[in-house]
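Peer 1: Protein chains in written order, with this note's numbering: chain A, 1 to 339; chain B, 1001 to 1339. Yeah, the Cβ is synthetic: ideal placement off N, Cα and C, and Gly gets one too. Starting off with a structure, shown below.
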DNA sequence: TTGTAAGCGTTATCAG
DNA sequence: CTGATAACGCTTACAA
């Protein structure tokens, strides 16, 4: 079943020309007499010639591929960025090669080395757990681009969103609806985005003259279960609150289930805001008010940007804003109704 | 910034040996005198030598990579299979190279050719829209494995789940709870799995002596919006039903929102069953009863199987069963309460 | 045990 | 315009 691959050599012999001529025709590098061109072209077809990528790349040094490492390919958040990258690259000769970092510095490092070893022309990191110095060092070896993380020393290669602003927007929205006892469920402990969103929350509170109550800040980890448990516990402690701002949509779902279990309605009894605007949150019941991250567009722009850099164009890193999407999980506070 | 890559040649010169000796030490192919070994090893370290994958692969013909093409990497369903594949491969020297088919034969074909061109050692298709003959032809060029689709002529390379049984299980569950007016929202039109699930639904109905009512079958496409719209319309037509079985979890969410909009409770007024058991459905409100597909395990087994085949082990393709996960979106029919 | 040299399949650089 | 021939970086007979 395994027919040996036909090489440029056999084509040359079949067409009665030299291998250089064949190469020229394949790549359109130079003019070739009409008759030879014809002979070669039919030989190419007849033998079903397929160029060998490895041999090509070995010479040119360009693999026409771009490595993409996401913390987690499964996460819908990164998946959407990846979709954008893929779509943008579809029109070009470049191929994305995907890999996961699994939120672990070891795995990430491994994935990076593996892709460099495979001679990808550039590397895009969708989130990263490696220390700045290490990323800088890698950046010296290969064109490196990072999404979701500012690396000092290579700021112009980083695309970050203003998560602080997102947290602020979400919280201010709740405040404007009259809420003052607003719970915040944080993201994974040390993660920068999570910290920024918390800061946004605090800042909005402060600007509205609402004292910060640490008891209303619940430690989460971006997963449904933890948020669910935390909110359950909060309610059992009889704490008083009228709104919840979760640091991502998944935790908002967890919180929503806790409220459901305790017979609290959303938004009549408790208003709920998420973060990310994952596909699907528009179809939660009720549809979730959340902070939209333009992930797909980011993916497209990022890929485009990388390509430009590879073409030595020296473009500006694109910039994106977060925006609040008001749906049906938030409503004006009904005074007199609280726990 | 671009230091030229150090080659085995420079290492050899630095260590005062020949390139073959260096190669031998790197690959452990043969014994080398202790002193030379030491010299080479320090040279390797000092120069920071990194072997060139392309040159290696050009010779060996093995790229130590496995191409994975999913209809859609973003779909949580396939993403979970991919996660399984990745995890299994993590322990080996093999690298997965991911790509999307975007539910289009053209894109899929393109992705396949691209990966073959890149000399992946095997190809895993997670779903496929190409005709059988084409897949067979590809299978002649490279070890090919297909998940979610039976290709005649290469059955032993296909891993399929019994979707009929899943549909049957879901429907029977509802019947056992006393429901007789059960709506089914189908998956994308021509897709085999969707057809099988519908057949399972019909078969369960028949076995219970419940006449099949085509008006209760709603045409879906696996997306929330369509299911939402279809159920809204159904309710406005004043059709009578007490349960809904959606062909996937996303459509179940869409249906759930429609019920929510009309003030119908789940499961008190209408029972709801999904399909897939995507991460997150356990945290819908209420947690969704659904048919579990062991996607992660499938990914792991599949990768393991591919590796074995590559090692000429001739293993049996693993087999998996679907199972019903009963959560809180279904309950016994309250007689007298219906629309 | 070690080195020389012949590939692997292309592209690039020369002369002609 | 075209054809030798030298790379590309590495592995692997084949000698020594």
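Give the residues from the region 1168-1195 of chain B that approach chain A closer than 8 angstroms (Cβ to any Cβ), ordered along the chain.
Peer 2: none
Peer 1: Leaving out the 5 sequence neighbours to the left and right, which residues in its chain are closer than 8 angstroms to residue 51 (chain A) when beta-carbon positions are compared?
Peer 2: 8, 26
Peer 1: Going by other Cβ atoms of all chains shown within 10 Å of its Cβ, with 16 needed for buried, is residue 1170 (chain B) buried or exposed?
Peer 2: The residue is buried, with at least 16 neighbouring Cβ atoms inside 10 Å.
Peer 1: Using CA coordinates, which residue listed in B:1317, B:1262, B:1301 is at the minimum distance from residue 1083 (chain B)?
Peer 2: B:1301
Peer 1: What runs of the beta strand (DSSP E), each 3 residues or longer, lie entirely inside the region 47-129 of chain A?
Peer 2: 65-70, 95-100, 122-126
Peer 1: Inspect the beta-carbon positions of residue 200 (chain A) and residue 168 (chain A) and report whether they are closer than 9 angstroms.
Peer 2: Against a cut-off of 9 angstroms, the Cβ pair of residue 168 (chain A) and residue 200 (chain A) comes out as a contact.
Peer 1: Anything in chain A within Cβ reach of residue 1086 (chain B), meaning under 7 angstroms, just list it in chain order.
Peer 2: 100
Peer 1: If the cut is a Cβ gap below 7 angstroms, which residues of chain A does residue 1095 (chain B) touch?
Peer 2: 114
Peer 1: Please work out which residues of its chain come closer than 6 angstroms, Cβ to Cβ, to residue 1235 (chain B), disregarding the five sequence neighbours upstream and downstream, and give them in chain order.
Peer 2: 1262
Peer 1: Measuring CB to CB, does residue 1135 (chain B) end up less than 9 angstroms from residue 1120 (chain B)?
Peer 2: no
Peer 1: Assuming residue 1301 (chain B) is part of the beta strand (DSSP E), what are its boundary residues?
Peer 2: Per DSSP, residue 1301 (chain B) belongs to no beta strand (DSSP E); it is in the alpha helix (DSSP H), 1295-1310.
Peer 1: Quick check on residue 1083 (chain B) - is its C-beta less than 9 angstroms from some C-beta in chain A?
Peer 2: yes
Peer 1: Just the Cα atoms here: how many angstroms apart are residue 1231 (chain B) and residue 327 (chain A)?
Peer 2: 21 angstroms
Peer 1: Within the 9 angstroms Cβ cut-off, does residue 230 (chain A) reach chain B?
Peer 2: no
Peer 1: How many angstroms separate the CA atom of residue 105 (chain A) from the CA atom of residue 1158 (chain B)?
Peer 2: 35 angstroms
Peer 1: Step through the CB atoms of chain A and report whether any lies within less than 9 angstroms of the CB of residue 1026 (chain B).
Peer 2: No, because no Cβ of chain A sits closer than 9 angstroms to the Cβ of residue 1026 (chain B).
Peer 1: Terminal residues of the continuous beta strand (DSSP E) containing residue 272 (chain A)?
Peer 2: 271-273
Peer 1: Kindly indicate which residue of A:95, A:71, A:165, A:13 has the alpha-carbon position closest to the one of residue 125 (chain A).
Peer 2: A:71
Peer 1: What residues from chain B crowd round residue 277 (chain A), counting only those whose CB sits closer than 7 angstroms?
Peer 2: None at all; the shortest Cβ gap to chain B is about 14 angstroms.
Peer 1: Spell out a yes or no on whether the region 34-48 of chain A and the region 235-251 of chain A are touching, meaning 3 or more CB-CB pairs, one atom from each, closer than 8 angstroms.
Peer 2: no
Peer 1: Using beta-carbon positions only, say whether residue 218 (chain A) and residue 208 (chain A) come within less than 9 angstroms of one another.
Peer 2: no
Peer 1: Between the Cα of residue 233 (chain A) and those of A:210, A:249, A:257, spot the shortest distance and give me the residue it belongs to.
Peer 2: Residue A:257 holds the alpha-carbon nearest to the alpha-carbon of residue 233 (chain A) among A:210, A:249, A:257.
Peer 1: On the DSSP bridge assignment, give the partners of residue 324 (chain A) in chain order.
Peer 2: A:291
Peer 1: Please report the distance separating the alpha-carbon of residue 1259 (chain B) from that of residue 1266 (chain B).
Peer 2: CA-to-CA, the gap between residue 1259 (chain B) and residue 1266 (chain B) works out to about 8 angstroms.
Peer 1: Along the chain, where does the beta strand (DSSP E) that runs through residue 1246 (chain B) open and close?
Peer 2: 1243-1246
Peer 1: In or out: residue 102 (chain A) buried (at least 16 other Cβ within 10 Å) or exposed?
Peer 2: buried
Peer 1: Leaving aside the five residues before and after residue 1032 (chain B) along the sequence, list all residues of the same chain whose C-beta is less than 7 angstroms from its C-beta, in chain order.
Peer 2: 1021, 1024, 1025
Peer 1: Closer than 7 angstroms, Cβ to any Cβ of chain A: which residues of the region 1051-1080 of chain B, in chain order?
Peer 2: With the criterion set as a beta carbon lying under 7 angstroms from some beta carbon of chain A, the members of the region 1051-1080 of chain B are 1053, 1054, 1055, 1057, 1058, 1073, 1074, 1076, 1079, 1080, in sequence order.
Peer 1: Can you pull the chain B residues whose beta carbon is under 7 angstroms from the beta carbon of residue 286 (chain A), in chain order?
Peer 2: 1260
Peer 1: Less than 8 angstroms between C-beta atoms, sequence neighbours within five positions excluded: which residues of the same chain meet that for residue 62 (chain A)?
Peer 2: 121
Peer 1: With 16 as the cutoff for other CB atoms within 10 Å, does residue 30 (chain A) come out buried or exposed?
Peer 2: exposed
Peer 1: Determine the chain B residues that contact residue 224 (chain A) at a beta-carbon separation under 7 angstroms, and present them in chain order.
Peer 2: Correct list: 1280, 1283.
Peer 1: Assuming residue 229 (chain A) is part of the alpha helix (DSSP H), what are its boundary residues?
Peer 2: Note, residue 229 (chain A): alpha helix (DSSP H), 224-236.
Peer 1: Note the first and the last residue of the continuous alpha helix (DSSP H) segment covering residue 1173 (chain B).
Peer 2: 1163-1176
Peer 1: Please identify the residue among A:253, A:334, A:140 whose C-alpha is closest to the C-alpha of residue 176 (chain A).
Peer 2: Looking from the CA of residue 176 (chain A), the closest CA among A:253, A:334, A:140 belongs to A:334.
Peer 1: Is it buried or exposed, residue 329 (chain A), if we count other Cβ atoms within 10 angstroms and call 16 or more buried?
Peer 2: buried
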